[in-house]
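Those protein sequence lines, which keep their order, are chains H and W. Numbering-wise, this note's numbering puts 78 at position 78 of the first sequence, and it's gapless, one number per residue. Numbering-wise, this note's numbering puts 1279 at position 279 of the second sequence, and it's gapless, one number per residue. Worksheet for the structure shown next.
Protein chains: 2
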Amino acid sequence: MKIAVDAMGGDNGSQVIVSAIKQFLTDFPEVEIIVFGDKNELGELSSLCQIVDAPEVVPMDAGAFEVMRMKNSSMFTALKTMKDSAFDALVSAGSTGGFLSAGTLILKWIEGVKRAAIVTSFPTRLKNKKLVVLDIGANNKNSPEELVQFAKMGRAYHQALYNSDAPKTYLLSNGAEANKGSPAGQAAYKLLKESQFPDFCGNIEAREALLGEADILVTDGYSGNVFLKSSEGVAKLMSSMVKDIFKKNLWTKLGYLHVAKGFKLMSETMDYKSTGGAMLLGVNGVLVKAHGNSDAYGFKSALNVAKTMVERQVVKKIKELVESGE
Amino acid sequence: MKIAVDAMGGDNGSQVIVSAIKQFLTDFPEVEIIVFGDKNELGELSSLCQIVDAPEVVPMDAGAFEVMRMKNSSMFTALKTMKDSAFDALVSAGSTGGFLSAGTLILKWIEGVKRAAIVTSFPTRLKNKKLVVLDIGANNKNSPEELVQFAKMGRAYHQALYNSDAPKTYLLSNGAEANKGSPAGQAAYKLLKESQFPDFCGNIEAREALLGEADILVTDGYSGNVFLKSSEGVAKLMSSMVKDIFKKNLWTKLGYLHVAKGFKLMSETMDYKSTGGAMLLGVNGVLVKAHGNSDAYGFKSALNVAKTMVERQVVKKIKELVESGE
């Protein structure tokens, strides 16, 4: 298995990524890692993996066209080499928009795929139960047929990542009834019911989706992005309120000592993208986007996701699903 | 000023509403309150206000048509009497969908209004700064022209409620750039820019909207509902995590004593609908929906909002804005 890594462009510099790769290779020495970045910063890895010198750094706000023009950037070089050398996967902590859209341009959609989708896992009220949500922002608008394909790809992803048999799929909606939802959502509901999509459970509201009953939440990219961003916004808002509460006086500061561990765990749980990152589904290859401010642990989780996706052959499964028109 | 109150249908029964009315009338004895409900439960109010016996209770999940059929219900009777007797406002803690849609059927849209919108205030990171969001769920889909009208109504509402001069209006989007947003959002952006809508500041993401810079957030009803429900979902998720943290052992339980007040304040701040409730903008009258599980304090806040809306003549202002085509 060959996994490429874009070592530049993350908020925390290349050193956390170097450290993540070292830890990952200790656990999985059989995986071959090819690192793209400034070779002066990657010396520690020289005995462990192949290093491709590509020192230019794609800015965090770069889009596809900027990436496509930066021929010496670690991101572009990694994507190009991934295609030419048929690497199995690529992990980056750089610009989300740039990585995923340039990735689409270079790797191309799987034949028959109407639109690619970004997928990520959300925490739920049940411990150890995650909610897989797609699309969280690759698209602005989606047709009913595209939503049906998202359901298929989301199912393949959930089965691969969590080794699940019968994950429950829901459509994001403004009410649980069959006649609720956006116009495209209502039409997708009918298509999924008529085709007897496996374990399709109907509509669900954003609030209920986080309770832990749902496994997969299908939505158009615009609403999915609103769902992601408002969740992040409220999580940050509440975290800052919690900090203020404990800062109040000496007693509250002392009180924090007893609960610090619990709150640390909570903020990790609520940081949607720190564990595993987001993946672009529907392209010819495994593209995993680690969170921009990943630490070594977060980036290693993204490497784990990439490895699992390759092992479980998620790209091949999506190909088969799309071809068979299942 | 005449304010009607639907005393039935809230989660906590009529007694919290009786208590809210008594407190409200102590503060504002000049306001005339007309209460609709089971007169056996409202005896305490007999010396303070007019009571109309309408004992039937609309179920929490009732829609417009159910309400329209329940002729003896407190909700239907209140709406009908409000129209016939030209009351200034009506406050209810009953079924949101039923109240707002039956309210639309009975009171009708203001002439020239394309669609009514539900508006509510969200907390932000800045203390004492609220974010006014509309539409949070009256509609499933909205045209660019409807979004422009929401901006107008939202501005009139913000100016009335917060006595503001120049509230900043933003469009909810999946990015800050002008070319981001849903297709309808992008077209609305152009219309607002071209018409030089006062204090229009462009697009904003859900996450940034909660920081406190924005005053008014305009969105279609479907995405607005996703924004509301995912915010509620995450707030509940984090609250339950906080509870678990403090329940852990004796030390953490003791620690809670020092911060209990802070956390109570936080959960009140995060309960979007407990303070002031939601209002339906665009109909001929002031319809305020208190949260289903309002306590006396929450319901009294909703009565205050209704009073302010009547005093500041928000319905008249929306009429003028729509007629002038401003």
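Note that beta-carbon positions come from the ideal geometry of N, C-alpha and C, so glycine has one too.
- At a cut-off of 9 Å between C-beta atoms, Pro1123/W counts as an interface residue with respect to chain H.
- The beta carbons of Val5/H and Ala78/H sit closer together than 9 Å.
- In this structure, Ser1014/W is the residue among Met1082/W, Cys1049/W, Lys1022/W and Ser1014/W with its C-alpha nearest to the C-alpha of Glu1056/W.
- Residues of chain H whose Cβ lies closer than 8 Å to the Cβ of Arg1207/W are, in chain order, Lys229, Ser230, Glu232, Gly233 and Lys236.
- For Lys248/H, the residues of chain W that pass the 7 Å Cβ criterion are Gly1262, in the order they occur in the chain.
- Looking at the DSSP output, Glu32/H sits in a beta bridge with Lys2/H.
- With its beta carbon less than 9 Å from one in chain W, Met266/H belongs to the interface.
- Against chain H, the beta carbon of Thr1252/W has neighbours under 7 Å at His258 and Val259, listed in chain order.
- Using beta-carbon distances, Ile1216/W does not count as an interface residue toward chain H, since no partner is under 9 Å.
- Around the Cβ of Leu126/H, a 10 Å sphere holds fewer than 16 other Cβ atoms; the residue is exposed.
- The three-state secondary structure of Ala117/H, taken from DSSP, is strand.
- A straight-line Cα-Cα distance of about 21 Å links Asp1165/W and Asn1203/W.
- With a threshold of 16 other beta carbon atoms within 10 Å, Lys1289/W meets it and is buried.
- Contacts between Lys141/H and chain W, judged by CB atoms closer than 8 Å, involve Ser1182 and Pro1183 in chain order.
- Here Asp53/H is not near Met8/H, since their CB atoms are 9 Å or more apart.
- Glu111/H counts as exposed, since fewer than 16 other C-beta atoms from the protein chains shown sit within 10 angstroms of its C-beta.
- Contact between Ala102/H and Trp109/H is ruled out by a C-beta separation of about 14 Å, above the 8 Å threshold.
- Closest in alpha carbon position to Leu161/H, among Ala20/H, Leu211/H, Val286/H and Lys114/H, is Val286/H.
- Close to Leu210/H, with beta-carbon spacing below 9 Å, are these residues of chain W in chain order: Ser1230, Gly1233, Val1234, Lys1236 and Leu1237.
- Following the DSSP letters along the chain, one finds Thr96/H inside the alpha helix (DSSP H) bounded by residues Thr96 to Leu107.
- With fewer than 16 other Cβ atoms from the protein chains shown falling within 10 Å of its own Cβ, Arg69/H counts as exposed.
- Asn140/H counts as buried, since no fewer than 16 other beta carbons sit within 10 angstroms of its beta carbon.
- In the three-state scheme derived from DSSP, where H, G and I count as helix and E and B as strand, Met1279/W is classed as strand.
- Taking Ala187/H as the centre and dropping the five residues before and after it, the same chain places the C-beta of Pro144 closer than 6 Å to its C-beta, in chain order.
- Under the Cβ criterion of 9 Å, Asp244/H is counted among the residues facing chain W.
- Buried is the label assigned to Lys1130/W, since at least 16 other Cβ atoms lie within 10 Å of its Cβ.
- In chain order, Asn1174 make up the part of chain W whose C-beta sits under 7 Å from the C-beta of Asn225/H.
- The C-beta of Gly292/H comes no closer than 9 Å to any C-beta of chain W.
- Here DSSP, grouped into helix, strand and coil, assigns Ile136/H to coil.
- A residue is called buried once 16 or more other Cβ atoms fall within 10 Å of its Cβ, and Gly94/H is buried on that count.
- In the DSSP annotation of this structure, the continuous segment of the beta strand (DSSP E) that includes Asp53/H starts and ends at Gln50 to Asp53.
- Residue-level contact by beta carbon holds for Tyr222/H and chain W, with a gap shorter than 9 Å.
- If the five residues before and after Pro59/H are omitted, its C-beta is found closer than 6 Å to no C-beta atom of its own chain.
- Taking 9 Å as the CB threshold, Gly1094/W stays off the interface with chain H.
- The beta-carbon of Ser240/H is placed less than 9 Å from the nearest beta-carbon of chain W.
- One Cα belongs to Ile1106/W, the other to Val1067/W, and the distance between them is close to 11 Å.
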